[in-house]
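Single-structure report; data block below.
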Amino acid sequence: MDSDGTQDARVTRADPLPRPAGPPRIPPRPANAPGAPPLPDGSAFLAWLRAPRPPAGPGVWRFGHRPRPEQEPERTPTRQLLSGALISFLVGWLIWSLLWNGYLGGWWVLPLELFTPDSWLHDNDRVQNAFLWYGYYTVIVLAIMTAVGRLGRWGEVWRRFGPPAWRPAAPVSERPPAPEDDPAQWNQLRAAGAHDAADRLAAEARAGLMRDVDHARIARAWQGVLNGRHGLADFTGAVLQDGATACLHPSGKRDLPARLARHDLITGQVRLGITVDDPRNPYAYRGTGLGVGPDLLGTSLVAVGPAGSGKTSTVVWPLAESLCLQALAGRAAVVVVGAAGAGLGPADGYDVVVRVGHPESVYDLDLYGGTSDPDEAAAVLAEALVGDLADPHPGGDSRRSTTVLAQLLGPYRAVHGRFPSVPELRQLLDGAPGPLAALRKALEDSGQDSLLRELDARARQSGHPGDLGGVLADRVALLDRPAFAHFFDTSGHSRPFSLRALDHPVRVRIDLPERGHADASRILARLVLAQFTASVATREDRSLFACLLLDDATGVVTPEAVRAIQRLRSVNAGAVLTLRTLDDVPRPLRGPLLGATGCRMALSGLTPWDGQDFAEVWGKEWTETRDVTDRQIIAETPAGKALHMLRRVITGRAPTARAVTVRQVERERWSASELAHAVPPGHAVLSLTGVRGEHAPPLLVNLRG
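In full-length UniProt numbering, the protein residues as written are 1 to 705.
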């Protein structure tokens, strides 16, 4: 139970991923022991743990959220509200004056005379008599005030301008909840009989020894007990021995080196900004925080915006930070891909950092995705090499490229027990006679006739016009460069990382060498995407959320990639792609890409052409429009003409009669022009869809809020 089943991530060859030594198992010193340091205060953690998180729509930051009505309540204009309140007060004052002075007769004292004994009315005791009559006057005054107060909306005036509007929002009550409702008491453990473990965790929470990652990690381990993956005795023993540090991540880390965003690991959300209080946003979303978690990322996200619009700093990095925290809690596995120096977090915030093209990189990238099946390796590699050249219609170049590679990879692995390295693969695709002859002889000596026929078929096809062997060789040549000489090694002398490790909560960052190797970087990005989609589909434990964050997906979107992204939701995985413009995606694939992703973000600075694609996928909605027509009033009598002339002198305008026509019309939720010109800097328009089908319309969001 030390790792909650989060075993070391698997690789295909060489040494496994390192497992940094966790903290030494030193028995905790009692708080009252001599020389023991004072325990920290756990009030901040308990306040976070007990904060309300009411159910809300997709994308609403639930931590401390206060639900709002679905429809905006009718708001009276301030001038009309104050004038109405004043007039109603004057009316009430007038009514009381008329009653008091007897101008309305004495009928209003009849109830007192009818229901009061004569002895009380004619009692000579002045104090009792005054108490009786002035009490009755008070009742009448209160009745008048209640009536005119309702008529003049005094309550709304009080709420809008009185002391309730002066005070800040009331904070969350610091009074601890009842023990049966207190999440800090770990009642689910007590219900299962693990009272000692619950007492230990509750004590460490009160003492300030527990963090949000610890709480999420232990809760995840407890779910493993409920699902039968772990035993109750093992879990209880680990908690009693280690307390809040039980079930540690294989790295031994309990937190990230630094946090830049706000996270709530109970709901799994990260706060990306705030929804603008704008009429175009639904009223229930206005002014609420924007929170994104695996429930939304499971439908994948595409963000489009020019350079400098904040894609990396306000979208990719907060999401990467959130998923890394969830990986430490044993809930997620994350792969972050971007250019070197793109600002995707420090290296010590990840378990594996692959720096392709950097001589000091500790890890290599497995070119074949950790598979031993030549056909699977050929399909993934073909997608990476020529996926951007493939015909979007079935039967295009992608399948033929897969066949070409399989004809070479199968025989080579049968002879050498491994797949060819980049230089060897280039020679085979070029049809170099020496390597092909040696491979043929080895197959003949081993008697593998079926694979020999594969090699013969490759030899026959290589001489035909339109053969893809030369195209594949040219693409492989982009990886056969001195900068990559020590990478993609298949001989077992390096430490290749395989995306097959996503069975475990691993944190991976892959730095691509964009400077001077832009084409090679696009090939590697397509390779990682293809390997990711192939690996997550074959995972044994799909309760672990897997996510790929691809910063700058230029040249990565292919027909097969779009189909693979559509399948990620069913395997508890998702992808986040960022683009500078949709022009970086082939025209036939722009609509399918936006349709395959459930979350779509258009950042400020978008071009009208990109905005048109978003406007089409977001569709239209029925809205209520008001047409106002002013018609000049023509006076026919001398008095009317004089009155109109006086009104024109005072107001400067001719008297008019206003006619209002209300209609229901269908219009675009966000037009291309609005997306291009009405989105302020630092803002974005974002639509959301959850894995369970719930969705939110396009929202104008301040990413800096």
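All C-beta atoms, glycine included, are put in the ideal place defined by N, C-alpha and C.
With C-beta atoms as the reference, is residue i less than 8 Å away from residue j?
{"i": "residue 668", "j": "residue 620", "result": "yes"}
{"i": "residue 313", "j": "residue 343", "result": "yes"}
{"i": "residue 670", "j": "residue 618", "result": "yes"}
{"i": "residue 632", "j": "residue 661", "result": "no"}
{"i": "residue 552", "j": "residue 382", "result": "no"}
{"i": "residue 581", "j": "residue 311", "result": "no"}
{"i": "residue 150", "j": "residue 85", "result": "no"}
{"i": "residue 408", "j": "residue 355", "result": "no"}
{"i": "residue 239", "j": "residue 200", "result": "yes"}
{"i": "residue 571", "j": "residue 526", "result": "no"}
{"i": "residue 385", "j": "residue 215", "result": "no"}
{"i": "residue 422", "j": "residue 468", "result": "no"}
{"i": "residue 254", "j": "residue 245", "result": "yes"}
{"i": "residue 299", "j": "residue 507", "result": "no"}
{"i": "residue 606", "j": "residue 678", "result": "no"}
{"i": "residue 81", "j": "residue 157", "result": "yes"}
{"i": "residue 100", "j": "residue 288", "result": "no"}
Run through the DSSP bridge pairs and tell me what residue i is partnered with.
{"i": "residue 247", "result": "DSSP output for residue 247 lists no bridge partner at all."}
{"i": "residue 497", "result": "365"}
{"i": "residue 270", "result": "263, 292"}
{"i": "residue 511", "result": "338, 355"}
{"i": "residue 147", "result": "Note: residue 147 sits in no beta bridge, so no partner."}
{"i": "residue 298", "result": "Per DSSP, none; premise fails for residue 298."}
{"i": "residue 554", "result": "Residue 554 is not bridged to any residue."}
{"i": "residue 545", "result": "332"}
{"i": "residue 599", "result": "301"}
{"i": "residue 60", "result": "290"}
{"i": "residue 731", "result": "Residue coverage of the chain in this structure runs from 1 to 705, which leaves residue 731 outside it and unanswerable."}
{"i": "residue 579", "result": "304"}
{"i": "residue 275", "result": "701"}
Span of the beta strand (DSSP E) holding residue i?
{"i": "residue 685", "result": "683 to 689"}
{"i": "residue 99", "result": "From DSSP, residue 99 is part of no beta strand (DSSP E) but of the alpha helix (DSSP H) over 78 to 100."}
{"i": "residue 180", "result": "Here residue 180 belongs to no beta strand (DSSP E), and DSSP marks it neither H nor E."}
{"i": "residue 533", "result": "Not the beta strand (DSSP E): residue 533 falls in the alpha helix (DSSP H), residues 518 to 536."}
{"i": "residue 475", "result": "Per DSSP, residue 475 belongs to no beta strand (DSSP E); it is in the alpha helix (DSSP H), 469 to 477."}
{"i": "residue 662", "result": "656 to 668"}
For residue i, which option in the options has the closest C-alpha, if you only look at C-alpha atoms?
{"i": "residue 563", "options": "589, 580, 541", "result": "589"}
{"i": "residue 324", "options": "362, 359, 270, 361", "result": "270"}
{"i": "residue 260", "options": "317, 573, 457, 215", "result": "317"}
{"i": "residue 454", "options": "445, 466, 439, 465", "result": "439"}
{"i": "residue 499", "options": "533, 163, 427, 452", "result": "533"}
{"i": "residue 210", "options": "628, 352, 406, 185", "result": "185"}
{"i": "residue 46", "options": "659, 93, 514, 212", "result": "212"}
{"i": "residue 474", "options": "428, 491, 436", "result": "428"}
{"i": "residue 510", "options": "134, 363, 263, 203", "result": "363"}
{"i": "residue 628", "options": "637, 64, 659", "result": "659"}
{"i": "residue 315", "options": "273, 341, 277, 289", "result": "273"}
{"i": "residue 448", "options": "181, 414, 66, 539", "result": "414"}
{"i": "residue 161", "options": "79, 203, 93", "result": "79"}
{"i": "residue 702", "options": "694, 683, 400", "result": "683"}
{"i": "residue 692", "options": "370, 470, 491, 297", "result": "297"}
{"i": "residue 189", "options": "223, 470, 595, 575", "result": "223"}
{"i": "residue 537", "options": "202, 503, 76", "result": "503"}
{"i": "residue 522", "options": "634, 389, 430", "result": "389"}
{"i": "residue 195", "options": "634, 237, 217", "result": "237"}
{"i": "residue 524", "options": "550, 361, 535", "result": "550"}
{"i": "residue 615", "options": "591, 432, 664", "result": "591"}
{"i": "residue 654", "options": "666, 326, 249, 641", "result": "641"}
What is the residue span of the alpha helix (DSSP H) that residue i lies within?
{"i": "residue 621", "result": "From DSSP, residue 621 is part of no alpha helix (DSSP H) but of the beta strand (DSSP E) over 620 to 632."}
{"i": "residue 637", "result": "Where residue 637 is concerned, there is no enclosing alpha helix (DSSP H), given that its DSSP letter is neither H nor E."}
{"i": "residue 236", "result": "232 to 242"}
{"i": "residue 699", "result": "Run containing residue 699: none in the alpha helix (DSSP H); it sits in the beta strand (DSSP E), 695 to 702."}
{"i": "residue 316", "result": "Looking at the DSSP string, residue 316 is not in any alpha helix (DSSP H), and its letter there is neither H nor E."}
{"i": "residue 459", "result": "449 to 462"}
{"i": "residue 434", "result": "433 to 446"}
{"i": "residue 71", "result": "Counting along the chain, residue 71 falls outside any alpha helix (DSSP H), and DSSP gives it neither H nor E."}
Within 7 Å: the Cβ of residue i and any heavy atom of the ligand GTP?
{"i": "residue 698", "result": "The ligand GTP is not part of the structure shown, which contains no ligands of any sort."}
contact_flag[the stretch 337 to 354, the stretch 474 to 481] where n(CB pairs < 8 Å) is 3 or more:
In short, these stretches do not touch, since the Cβ pair count stays below three.
Any contact between the stretch 284 to 292 and the stretch 50 to 66? By contact I mean 3 or more CB pairs, one from each, below 8 Å.
Three or more pairs of CB atoms, one per stretch, sit closer than 8 Å, so the stretch 284 to 292 contacts the stretch 50 to 66.
Using a Cβ distance threshold of 8 Å, determine whether the stretch 680 to 696 contacts the stretch 590 to 609, with at least three qualifying pairs required.
The stretch 680 to 696 is in contact with the stretch 590 to 609.
Decide yes or no for the touch test of the stretch 284 to 304 against the stretch 230 to 243: beta carbon pairs closer than 8 Å, at least 3 of them.
A contact is defined here as three or more CB-CB pairs under 8 Å, and the stretch 284 to 304 fails this definition with respect to the stretch 230 to 243.
Does the stretch 328 to 339 touch the stretch 542 to 552, meaning 3 or more C-beta pairs lie closer than 8 Å?
Yes, the stretch 542 to 552 touches the stretch 328 to 339.
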